[in-house]
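Take 5 as the starting number for the sequence shown in the working numbering and just add one per residue.
A virtual CB, placed ideally from N, CA and C, is assigned to each residue, including glycine.
Reading through the structure tokens given below for one structure.
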Amino acid sequence: MAKLATNYKKSEPWRYATGRIRALENSLLGQEGLDRVFMATDEDAISHVLVEYGYQSGEIEAALKVEKINLDRLFQAIAPDHRYRELLLSFTDGHNLKTLLKERLAADQPRSFIELKYLMLTPSLVEPERLNQALLDDDFFALPAWIPQLAAEAEAAYNTSYDAARIDLTVDRGLHSLAADQALELNNAWLVEWLEIKRDLINLETLLRSRLRNIGPQLFLDSLLPAGKLSHDWLEKARIMETGELVRKVSRGYYSDLAKFVDTYGDFAVSSEYGSAGDKILMRHIHEGGKSLNGPEVTLAYILGREMEMKNIRIALSVLRNALPVTRAKALRRTSYPDWR
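Structure (structure tokens):
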């Protein structure tokens, strides 16, 4: 793990946030709560479990939406540095920006915002309706500077190929680059590494998909996010590496848990299993942050851990609604937070 600045843990402003988070950690589902959610025989049973852990009663999706808003309000209230929240929420705004741009630029019959509203994610830095109006009017006053910048770059990328995927890639690349710079500016080595892992997991899956489809070198490099722990040079060599050799190399590195996918990616349900394995790697890093004595990692780990908890609840709902077997549920289930419960 990257070395933290010597004065990093002595930041007094985060002590109040850390105290609040330590008290709230006891309300997380943890291993026991998640076991009960995944063993529930109907949605009412899941709802009853969630109420015990601070979720709103009633329809589960509505309860998750409310909890997401409450989590953001907590972050706003206790974090002494608003840049951490802005960094995390920028990816939500990025999703909304991509959705709106693809509809406006690539759809044969663009839908109205009302028709697209169900695709918008919140909480966000910019209300989705405001973002949509800004794109329509080409007026980005008081919006984060990166929004018009990436919108223009994404439109230019689309106009060179008329491939909607270029919109996604341009926005994702720009956001990850900006987030990496901001994490360095914040002097937060834990956050820098979390972002590196996120980029690597996406780039590694791009590598596996490219090998499966025999994609050429230039298209492959054009499809990568900024490098994380794994350099673009390493990824390019891995693209043409013999399967056994690549398995051995991945097995010896930070992402050894993903080595098995080199040979199986493309098989039935393996893509979702890759996502689950990647989330487990991210959660190991989040657990490390949560064990810090003080500093922003404690708050960030709680926020990210609660979000993973909500992801697990949605997985449990999907397992129940689709009557998936226990083995499939086990493969899809993510690690709980914190790891001591």
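Check: Going by DSSP in three states, GLU292 sits in which element: helix, strand or coil?; Outcome: helix
Check: Label GLY294 either buried or exposed according to how many other C-beta atoms from any shown protein chain fall within 10 Å of its C-beta, with 16 as the threshold for buried.; Outcome: buried
Check: Confirm, please, whether the CB-CB distance from PRO132 to PHE144 is below 8 Å.; Outcome: no
Check: Nearest to THR45 by CA position, among ARG134, GLN113, GLY270 and SER322, is which residue?; Outcome: SER322
Check: Given a cut-off of 8 Å, decide if LEU229 and ASP3 are closer than it, judged by their beta-carbon atoms.; Outcome: Missing from the structure shown is residue 3; the chain here goes from 5 to 345 and no further.
Check: In whole angstroms, what separates the C-alpha of MET287 from that of ALA327?; Outcome: 27 Å
Check: Is the beta carbon of THR96 sitting closer than 8 Å to the one on LEU123?; Outcome: no
Check: Thinking C-beta only, is LEU129 closer than 8 Å to GLU189?; Outcome: no
Check: Going by alpha carbons, who is nearest to LEU125 out of ALA155, GLU159, ILE73 and ALA158?; Outcome: ILE73
Check: In chain order, what residues of the same chain lie with their CB nearer than 8 Å to the CB of PHE75, ignoring the 5 residues before and after it?; Outcome: In the sequence under discussion, the amino acid at residue 75 is Leu, which differs from the Phe named in the question. Result list for LEU75: ILE307, ARG310 and GLU311, in chain order.
Check: Taking LEU304 as part of the alpha helix (DSSP H), name the residues at either end of that continuous run.; Outcome: 300-325
Check: Our contact map puts LYS338 next to PHE42 with C-beta atoms below 8 Å; I'd like the distance itself, whole angstroms only.; Outcome: Reading the sequence as shown, one finds Arg at residue 338 and not Lys. Not a contact, Cβ separation roughly 11 Å.
Check: Return the CA-CA distance between TYR341 and GLU29, expressed in angstroms with no decimal places.; Outcome: 9 Å
Check: Among ALA281, HIS291 and ALA156, which one has its Cα closest to the Cα of GLY178?; Outcome: ALA156
Check: Leaving out five residues on either side along the sequence, give the residues of the same chain with a beta carbon under 6 Å from the beta carbon of ALA305.; Outcome: ILE290, GLY293 and GLY294
Check: Report, in whole angstroms, the separation of the C-beta atoms of LEU208 and LEU262, which I expect to be a contact under 8 Å.; Outcome: 6 Å
Check: Name the residue from GLU107, ARG115, PHE265 and GLU246 whose alpha carbon lies nearest to the alpha carbon of ILE171.; Outcome: GLU107
Check: Leaving aside the five residues before and after GLU277 along the sequence, list all residues of the same chain whose C-beta is less than 7 Å from its C-beta, in chain order.; Outcome: ALA335
Check: Tell me which residues share the same chain as ASP343 and place their Cβ nearer than 6 Å to its Cβ, disregarding the 5 neighbours each side in the sequence.; Outcome: HIS291
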